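See structure below.
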Amino acid sequence: MTNPATRPYNAPARMAAAERNRAAIVSAAQASFEEHGWARTTIPAVANSAGVSPKTVEAQFQTKANLLAVVVTSIGRASADAEASKQFQEATSAISALPFHAAYAAPRSARSARIARAVMEAAPTDPKVAEIADRMRRNLDFGAQWAARIMMGKRGLAGGLSFEEAERVFRFAIDPGTYRTLTAELGLDDDGVREWMLRYERGMLLLRT
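Quick note, the sequence shown lines up with residues 771 to 979 if you use this note's numbering.
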């Protein structure tokens, strides 16, 4: 029988276990932030959901704000985003481009809107979360500007449409508050949000005949 004191140190196994714990913690934290918001999410509750001890969570993330920052970063892009983005950029007309924008932007809005509530709730009370909130706003502004620049180069836009007007349309369409209104108050599911986004952008941006 091997003496535990002399058992070989299995670094790869320990690293794999640590990565599994980290993934479980981030997943549990995301679910809690999305469902309960900032104030009602606690490190002990996240640890319990992840099947680890609170000390393990604190050792890896130190604070709840750091944990929220990791959750926001982990949302990122889905694999389908790149193809829809490419098709949006390559479409020759505005009417053919907008379905690809909705296919690209609606899922991203869903992913960010679900966590944005916790971020905005905590931002006034925690400087680190305030930085996260500011970064999320800048990302939304960039996304609207990016879409407007692409759209202004396509045929079939409403007469006299300016870049600033197009930017405002896209910014409203992708705003987390818009997503929450459509889902929480109007009862739309994610497919319904995508269809609404497409109809809204068509109505606001395209040439009326």
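No residue lacks a Cβ here, since even glycine has one placed at the ideal position from N, Cα and C. Since this is a predicted model, take the numbers as computed values, not measurements.
- The C-alpha of Thr953 is placed about 6 Å away from the C-alpha of Asp959.
- Annotation: Pro894 is outside any alpha helix (DSSP H) and is labelled neither H nor E by DSSP.
- Per DSSP, reduced to three states, the secondary structure at Ser932 is coil, with no helix or strand assignment.
- In the three-state DSSP reduction, Leu958 falls in the coil class, being neither helix nor strand.
- The beta carbon of Leu977 sits closer than 7 Å to those of Gly926, Leu927, Ala928 and Gly929, all from its chain and outside the five residues before and after it, given in chain order.
- Leu968 carries a helical assignment under DSSP once its states are collapsed to helix, strand and coil.
- Apart from sequence neighbours up to five positions away, the residues of its chain that approach Ala872 with a beta-carbon distance below 6 Å are Arg964, Met967 and Leu968, ordered along the chain.
- Measuring C-alpha to C-alpha distances from Ile845 to each of Ala883, Ser866 and Ser819 identifies Ala883 as the nearest.
- The alpha-carbon of Ile885 is positioned some 10 Å away from that of Ser879.
- The Cβ-Cβ distance between Ala893 and Phe870 does not fall below 7 Å.
- Residue state for Ser797 is assigned as helix, using DSSP reduced to three classes.
- In the structure shown, the three-state DSSP call for Leu838 is helix.
- Here Arg810 carries a coil assignment [DSSP, helix/strand/coil].
- The beta-bridge partner set that DSSP reports for Ser863 consists of Arg925.
- Nearest neighbour of Val899 by Cα position, chosen from Gly821, Asn836 and Phe803, turns out to be Asn836.
- Collapsing the DSSP output to three states places Leu977 in coil.
- Comparing alpha-carbon positions, the option among Val889, Trp916, Phe942 and Ala801 lying closest to Asp904 turns out to be Val889.
- Straight-line spacing of the CA atoms in Ala788 and Ala829 works out to 11 Å.
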